[in-house]
Amino acid sequence: MPITLNCIKVFIASPNGLNKERKSFKLTIEDYNHTEAIHRKIVFQAVGWEDTLGSMGRPQSIINKDLKQCDYLIVVLHDRWGSSPGENEYNATSGTEEEYEVAKECLKNEAYPMKDIAVLFKAVPSNQLIDPGPELKKVLKFRKQLEAEKPLLYTSFNTLTEFNKLIRKYLARWLRDLEGFTKSSEVDPNVPSIKDPKTGYDTIYSKELSSKELIEVTSEVKEKIDYAWRLANEGHIVQAEVEFSKATVNQPGVFQLLNYSDFLNRIGRLEQAMSMVEKAVEISLELNSPLNQALTLIKLGHLFQDQGEIDKAEEVYVKSLKIYEQLENLYGLSIVYNSLGIILQIRGQIDEAEKLYYKSLKLDTTIQNINGMASSYGHLGNIQLIRGDLQKAEEMFNKSLELEIKDDHLIGMASCYGSLGNVYAIRGKWTKAEEMFNKALDLDLKLGNNDGIASSYGSLGNVALSRGNLPKAEAMFIRSLEINQLLSNIEDMATDYFNLAKVNIENNDLSKAEELLNYALNYNKQLGKLEGLAQVYGTLGMVLYKKRDIKAAEEMYKKSLSLEEQLGHKEGMAADYGNLGNLYLDQDEFPKAQEMFTNAIEINLNIGNYKSLYSNYRGLSHALYKQNKVEEADEIYKKSQEVYKSFDNSGL
């Protein structure tokens, strides 16, 4: 039986010289339609000037007429501005600029279907940036105008692969809007939309690159890089990139290349960031500088890790470790131990990760490296959080926070506030958790730290979800997802899809929830992240249970429980025991239900998870009552009421 499709037109505006991108734009839309859109009764149609010309009149006027019937505009610019469109009411100096101005007018007028505009800038080689011709100067001026006005979504790309990924991300965002998701812009009108991510740092550059024990650099080069970072911190991304380009072209060196790589990574150009680090590796080898080579390998590992290539990251970290061992460089050893600890933690090897974090902490304490000590305490806090020892986790996070404040390290402070918020959230202290998450968000917004901003939105979404404010929760999760998509941060994207699935479960849209959970499942499988897999299996069990597929639900709960036990993740184990208890209770298997609820209660009492404890007591009371154990049932019910009274009810 034929289905009716909603046709959504997407116009691409660009000058000459971007033929590959224009062709790929159409192919990407065709592929996205088949894989994602058509089965959801939507089809995107690619539209460009090639489809409109042939009528009489000023060519640009004919293009504009068709543009006004489109739903979205994507502008793509590189190093050409384009030819004049002739006399026009906008005083536009190129056809692309006129199309942009027409779309902006349509966006403000409800009589037209225009819903959004995105601008994509293709990266320009460094030597061109420092000596731009007349056309490139106009492109750079336009980009600076967007930086100042901040009117819409824009970003940059380097390769055709990155371009295609961006197109798919925008299509995914627009598809969500068309399907009726709460728009992320509705979260808070005072919070800016996501832009070409700012490279804000509270220090000029990363701690690794500011340590004389880890890299060799002259004061002259350092001053030039300092200036580039200051521009980036102030949001002048174009001029910052020009300055980084000057530094790498005029005086190519490891310090310059690694800083430029950090900058490119922050604005989402991962492939170009990777190429900078690879050049830095080559130079360090040519100069026979083991110190610089070790740090370049660490930076390379960070990039691999960001892209989910955990095995490659581990491989280069181990190479770096061997160099630092030969140099007896305690600063470098500390960083590598922490980096390898994170890899082990992702794989679920919690005990091994903890040992490395303690080794790092011991070294940093010896050399009084405050930043390193703070980082290690933070990682150790996460280990205790996984184990469900909230008191120890809180103690570790507070130690980390104290050191970050002493070091005036704002990004570190924001991370600590977020971690403390997670502790309070698990305890059901939602008001205190919200306070911590907002502190983190305030700092990250000040710094332009998009990783942190996304994390804070996700955390605040969980606060809203706990209070039953589903539209706000959904909007927060979508805002987090949009940022992580632009940063290609697949680990956090998995978390965002997982969180959005929880909203859909509450809305009883089980099919949508299952679809989102499968996205999260695939990302976690790619990463080999056991903690994420356990969460997804457990939640898939909830979805299948609601669908009355009891056998499949039980299988998912048991899969999750097995992983949580392997990880030693007490909170997750308790949740799975509780879910299995509810399942057995529903199937009149009351002794099994009693056993599961008893296990859950024992764990939740140990970790202080009072919100879950309340529901566990209620379930156990019911299971006992059904077995005619009335006195025991009454006693347990009274305990449930005591827990409820002690619980932070503002979080309900």
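Residue numbers for the sequence shown, in numbering that gives the first Met the number 0: 0 to 651.
No residue lacks a Cβ here, since even glycine has one placed at the ideal position from N, Cα and C.
None of these values were measured; they are calculated from a predicted model.
Contact between Glu513 and Leu469 is absent: CB atoms are separated by about 18 Å, not below the 8 Å threshold.
Sixteen is the threshold: when 16 or more other Cβ atoms of the shown chains lie within 10 Å of the Cβ of Arg142, as they do, the residue is buried. It is roughly 10 Å from the alpha-carbon of Thr365 to the alpha-carbon of Tyr330. In the DSSP assignment, Gln44 falls within the unbroken beta strand (DSSP E) covering Ile41 to Val46.
Val123 and Lys569 have their C-alpha atoms some 50 Å from each other.
For Asn468, the secondary structure class from DSSP, reduced to helix, strand or coil, is coil. Here DSSP, grouped into helix, strand and coil, assigns Ala117 to strand.
CA-to-CA, the gap between His621 and Leu579 works out to about 14 Å. Bridge pairing for Ala12: Val74 [DSSP].
Lys64 and Phe120 have their C-alpha atoms some 25 Å from each other. Judged by their CB atoms, Leu459 and Phe436 are nearer to each other than the 8 Å cut-off. For Asp633, the number of other beta carbons within 10 angstroms of its own is below 16, and it is reported as exposed.
For the pair Val642 and Val276, the Cα-to-Cα distance works out to about 54 Å. When secondary structure is reduced to three states using DSSP, Thr154 falls in the strand class. The three-state secondary structure of Cys69, taken from DSSP, is coil. Rounded to whole angstroms, the Cβ separation of Ile382 and Glu353 is 5 Å, and the two are in contact under 8 Å.
Distance between Lys391 and Tyr416, taken at the CA atoms: about 16 Å. Residue state for Asn5 is assigned as strand, using DSSP reduced to three classes.
By the Cβ neighbour-count rule, Pro84 is buried, with 16 or more other Cβ atoms within 10 Å of its own. Ser510 counts as exposed, since fewer than 16 other beta carbons sit within 10 angstroms of its beta carbon.
Secondary structure of Asp406 (DSSP, three-state): coil. His378 sits in a helix when the DSSP states are folded into three classes. If you draw a 10 Å sphere on the C-beta of His301, you find 16 or more other C-beta atoms in it, and that means buried.
Between the beta-carbon of Ala45 and that of Ile62 there is about 14 Å, and that puts the pair past the 8 Å contact cut. When Ala599, Val280 and Leu26 are compared, the shortest CA-CA separation from Leu619 is found for Ala599. Counting every other CB atom within 10 Å of its CB across the protein chains shown gives Glu313 a total of 16 or more, marking it as buried. Taken atom to atom, the span from the alpha-carbon of Lys625 to that of Phe589 is near 7 Å.
Contact annotation, Glu98 with Glu270: C-beta distance approximately 28 Å; criterion of less than 8 Å not satisfied. Taking a 10 Å sphere around the C-beta of Cys69, we find 16 or more other C-beta atoms and assign the residue as buried.
Put simply, the stretch 443-451 does not touch the stretch 424-431. Fewer than three CB pairs are less than 8 Å apart.
Here Ile309 is near Gly527, since their CB atoms are less than 8 Å apart.
Taken in chain order, the complete beta strand (DSSP E) segments of 3 or more residues contained in the stretch 599-647 number zero; there are none. Thr217 carries a coil assignment under DSSP once its states are collapsed to helix, strand and coil. Nearest in C-alpha terms to Leu612, of all of Lys8, Lys591, Lys644 and Glu327, is Lys644. Arg547 counts as exposed, since fewer than 16 other C-beta atoms from the protein chains shown sit within 10 angstroms of its C-beta.
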